[in-house]
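Asker:
Numbering (our numbering), first residue to last: -5 to 313.
1. How is residue 12 classed by DSSP in three states: helix, strand or coil?
2. Would you check if the segment 91 to 100 and the segment 186 to 197 touch, i.e. whether three or more CB-CB distances between them fall below 8 Å?
3. Enumerated in chain order, which unbroken segments of the beta strand (DSSP E) with a length of 3 residues or greater are wholly contained in the segment 1 to 86?
4. Count the other CB atoms within 10 Å of the CB of residue -1; is the residue buried (16 or more) or exposed (fewer)?
5. Buried or exposed: which applies to residue 304, given that a residue is buried once 16 or more other Cβ atoms fall within 10 Å of its Cβ?
6. Between the segment 111 to 123 and the segment 209 to 222, are three or more C-beta pairs nearer than 8 Å?
7. I'd like to confirm the pairing. Which residues does DSSP put opposite residue 172 in its beta bridges?
8. Can you tell me whether residue 242 is buried or exposed, with buried defined as 16 or more other CB within 10 angstroms of its CB?
9. Roughly how many whole angstroms lie between the Cα atoms of residue 2 and residue 170?
10. Relative to the C-alpha of residue 92, which residue among 257, 13, 258 is closest?
11. Closer than 7 Å by C-beta to residue 5: which residues in its own chain qualify, once you throw out the five before and the five after it? Chain order, please.
12. In angstroms, rounded to a whole number, what distance separates the CA positions of residue 292 and residue 25?
13. CB-CB under 7 Å to residue 81, same chain, minus the five flanking residues each way: which ones, in chain order?
14. Does DSSP put residue 223 in a helix, in a strand, or in coil?
15. Taking the beta strand (DSSP E) that residue 90 belongs to, which residues open and close that run?
16. Could you name the residues of the same chain whose beta carbon sits closer than 6 Å to that of residue 188, not counting the 5 residues immediately before and after it, in chain order?
17. Residue 124: which of 271, 59, 282, 46 sits nearest, CA to CA?
18. Answer yes or no: do residue 86 and residue 131 have a C-beta to C-beta separation smaller than 8 Å?
19. Cβ atoms of residue 144 and residue 64: under 8 Å apart, would you say?
20. Measuring alpha carbon to alpha carbon, tell me which of 183, 139, 138, 110 ends up nearest residue 148.
21. To the nearest angstrom, how far is it from the Cα of residue 140 to the Cα of residue 75?
Okay, structure coming up:
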């Protein structure tokens, strides 16, 4: 049910919002739900496995794997923050959400996106120190310093988005309460309000510039310095070995930024495209990094791969 009113100043702050699944494909939701349920299961299991391996293997208690644990925890929380609305629609359980729940989901989605960007930046700093200044690696990235970096990442990701998210509670939502995706986004709620959104729009733009854009530039700079350091190594085998330690991180960066750039391009230049394309790109933006990161690090990182293989071989031998 879509709640509307023609009365000026009518406040919808306690209203219900309608989530959008895949327009025109409602009859196929059961079939669409099966792969989506499988994807969410892989997201949860894959990231839990990475966390379990890092926490239980003493040899992996190193800065590089601490940052990987932060990445896996971020991806796990992203999956948990959207699973109930996405699968709720596809399995026919519910397609509406209250304003408070919508604001809460929006807070976690955007906060976790900023957090993933921040963790990827921290991981690039880790690779820079490991390759460009290996003798001081353990003295620079101490456990205490890593804890401080983790706290700074959480504060940076969630504290600064609080003002714009809180303001959503007090807006007048005078337009039809139909959201564009199977989950709540800040910009989607702004589209439905008749209140003054100038602060939210510019503040959100500033946050994106100071986080996603700045982080991507700093990651690029770190890899320019890493490449310069690697090329200065005389032995070709040593060059290859040094650069291979960065492959997993480079893949994780691409997996995170390519969906964001693609979704932005679709929203900016794809007005003529089918709504299904917008919905699909939104789901790729939410699910692709949490799905692919465990796969990338399980395949490309020898220490993680060998521990996972040992874990499964141990389970088989127990049987």
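Ideal placement from N, C-alpha and C gives every residue a C-beta, glycine not left out.
Answerer: Judging by the given coordinates:
1. strand
2. no
3. 10 to 12
4. Only weak support is given to the placement of residue -1: the predicted model assigns it a pLDDT of 39, under 50, and the question is left unresolved by the model.
5. exposed
6. yes
7. 12
8. buried
9. Any reading at residue 2 must be qualified, since the residue scores a pLDDT of 39, below 50, and its modelled position is unreliable; the value itself is stated next. One C-alpha to the other measures close to 14 Å.
10. 13
11. Confidence at residue 5 is low in this model, with a pLDDT of 45, below 50, so its placement is unreliable and the value that follows should be read with caution. So the list reads 166, once near-sequence residues are dropped.
12. 29 Å
13. 27, 30, 31, 34
14. helix
15. 90 to 92
16. 166, 168
17. 59
18. no
19. yes
20. 110
21. 26 Å
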